[in-house]
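Residue numbers (the UniProt record's numbering): 1 to 288.
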């Protein structure tokens, strides 16, 4: 399971200043849509464990409902950014991150491939993960060819190595992006909704935690944790069987909880609740 970066919550700046939330909340809409967050200076410094924005090298804000990343304009030295599973729709602020080498944007609200326009002038960008965004569409080949035509320096796209053959095909089959996207209302993007059915919520949360091993280990590395070693899938022990290994697994999970901050615990809480709800529905269905 992918984990969130711990937020120590240290107070920065003048001690006389009134403390502000790590993430600035946007007001909830009358239609019941869940509130989204603006990434703030305090949150960036806390998660990156830095004392200044210029000192931020790695930033992990996975699954925090962030929609506004304007603060990225003030991160000239950041090299790795993890924004997977948020509500981001515009990549314009990232065009100021001139030293960026890795960018993780899986499962956001990026609706137009023209957002690639903002990444074309990042000279060191080598890894991009942008799958599960609306802009990918149903024609994944066209999506990949378009990304590679506009970002030919990529070494890896969506966890798949880029080949010279692909780059040649991209020149013929990809769409060249020469203009920035037309600005749209951020509030109309694919935000999490309080009015969604429980089935949809369960599916959504399951997808949120279904990140690949590589992406998970990348984030664990940023947190100073040991990488996850792949192992064979296992089934629950039969009644009366040896439960020792299951007790060990439970202990490991309890230890991992200490690594999560409030946002991470909230995502975990929602995920576990939805999983239990799905299992209960399954049991009721089997009893009929």
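Here a beta-carbon is modelled for each residue, glycine too, at the ideal position from N, C-alpha and C.
### Query
Can you tell which of 179, 44, 141, 135 has the C-alpha that lies nearest to the C-alpha of residue 62?
44
### Query
So is residue 197 buried or exposed if we call it buried at 16+ other beta carbons inside 10 Å?
Residue confidence for residue 197 is low, a pLDDT of 32 falling below 50, so the modelled location carries little weight; the figure read from the coordinates is stated next. Burial call: exposed.
### Task
Could you pull out every residue in the same chain whose Cβ sits closer than 7 Å to the Cβ of residue 70, ignoring the five residues on either side in sequence?
93
### Query
Going by beta carbon distance, what residues of the same chain come within less than 7 Å of residue 116, once the five residues before and after it are set aside?
147, 150, 151, 177
### Query
What is the rounded straight-line gap between the Cα of residue 136 and the Cα of residue 66?
20 Å
### Task
Please state whether DSSP places residue 82 in a helix, a strand or coil.
strand
### Query
Grouping DSSP H, G and I as helix and E and B as strand, with all else coil, what is residue 161?
strand
#### Entry: Burial state of residue 164, where buried means 16 or more other Cβ atoms lie within 10 Å
exposed
### Option in 88, 85, 80, 125 with minimal Cα separation from residue 55
80
### Task
Kindly indicate the opening and closing residues of the beta strand (DSSP E) around residue 145.
No beta strand (DSSP E) contains residue 145, which is instead part of the alpha helix (DSSP H) from 140-150.
### Task
Could you spell out where the alpha helix (DSSP H) holding residue 42 opens and where it closes?
41-48
#### Entry: Three-state secondary structure assigned by DSSP to residue 77
coil
#### Entry: Buried/exposed call for residue 52, threshold 16 Cβ in 10 Å
exposed
### Task
Grab me the residues of residue 284's own chain with a C-beta within less than 6 Å of its C-beta, minus the 5 sequence neighbours each way, in chain order.
none
### Query
Which residues in the same chain have their Cβ closer than 8 Å to the Cβ of residue 155, if we skip the five residues on either side of it in sequence?
126, 127, 161, 162
### Backbone CA spacing between residue 74 and residue 280 [nearest angstrom]
47 Å
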